[in-house]
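Take a look at the structure set out below.
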Amino acid sequence: GAGVSQTPSNKVTEKGKYVELRCDPISGHTALYWYRQSLGQGPEFLIYFQGTGAADDSGLPNDRFFAVRPEGSVSTLKIQRTERGDSAVYLCASSRNMQETQYFGPGTRLLVL
Amino acid sequence: GIQVEQSPPDLILQEGANSTLRCNFSDSVNNLQWFHQNPWGQLINLFYIPSGTKQNGRLSATTVATERYSLLYISSSQTTDSGVYFCAVENTGTASKLTFGTGTRLQVTL
């Protein structure tokens, strides 16, 4: 079956703009995760959903970042008033249930000018 | 939070050589995964291995949870093995979020 998909693959925006990044998890996976990877670093956790609810959002850097998963499948990561420091690859992962293997999507490369 | 250290940070091998990558972690874990990040940035699952030993073709991994380390073995390396290898752990009690190490960058040359 299909893996985790993310759109767009690349996004260039200007400082101060709003962006939305989409993640489509593997069908039937109840758990969905967002991570952020800066150049030369390992991915860092942002937020985790179990079903529709955010079970852990402790990794969101500030209140400009928000994520939703209204129907328990597709998720959208929303960034308001983007800053140059938000430039990174945003990765989405899903797993069948919590504490199981996480499968990653190809990522969205965000560049804030 | 849990600390994850990987060694070596960089490794250059000739095709056909074997290698061992190490991951040390500072606390008990529910989950440990090894990933290969290819030059296009895709994270590819290698192993889900919170304990014990697994093998998949030329790759194998061993986790000794009581001693808080895991090893990834690559045998008969190929140029397609090049990329960054990450170890990631889920700390017991932190409900599913993975903490990644800083990675081992592997280059396999002809």
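From first to last, the protein sequence lines stand for chains A and V.
The first sequence runs 5 to 117 under the numbering used here.
The second sequence runs 2 to 111 under the numbering used here.
For every residue, glycine included, the Cβ atom is placed at its ideal position computed from N, Cα and C.
A quick note: this is a predicted structure, and the numbers were derived from the prediction, not measured.
Original post:
Considering only residues of the same chain and omitting the five flanking positions on each side of A:L117, which have a CB-CB separation below 6 Å?
Top reply: E18
Original post:
Rounded to a whole number of angstroms, what is the C-alpha to C-alpha distance between V:P51 and V:F36?
Top reply: 14 Å
Original post:
By the criterion of Cβ-Cβ separation under 7 Å, what are the contact partners of V:G104 in chain A?
Top reply: G46
Original post:
Quick one: does V:E6 have its CB under 8 Å from some CB of chain A?
Top reply: no
**OP:** Grab me the residues of A:F53's own chain with a C-beta within less than 6 Å of its C-beta, minus the 5 sequence neighbours each way, in chain order.
**Re:** L36 and R73
Subject >> Where A:T112 sits in the DSSP three-state scheme >> reply: strand
Original post:
Which residues bound the beta strand (DSSP E) around A:E48?
Top reply: E48 to Q54
Original post:
Which of the residues in the stretch 30-49 of chain V, read from start to end, lie with their CB under 7 Å from any CB of chain A?
Top reply: N31, N32, Q34, G42, Q43, L44, N46 and Y49
**OP:** Run the CB neighbour count on V:E91, radius 10 Å, all protein chains shown included, and call it buried at 16 or more, exposed below.
**Re:** buried
Subject >> Same chain, Cβ closer than 6 Å to A:R26, five either side skipped, listed in chain order >> reply: T11 and T80
Subject >> Beta-ladder partner(s) of A:I83, from DSSP >> reply: A:V23 and A:F69
**OP:** Kindly indicate the opening and closing residues of the beta strand (DSSP E) around A:V8.
**Re:** Segment: none, A:V8 is in no beta strand (DSSP E) and carries neither H nor E.
Original post:
At what residues does the beta strand (DSSP E) containing V:K55 begin and finish?
Top reply: G53 to N57
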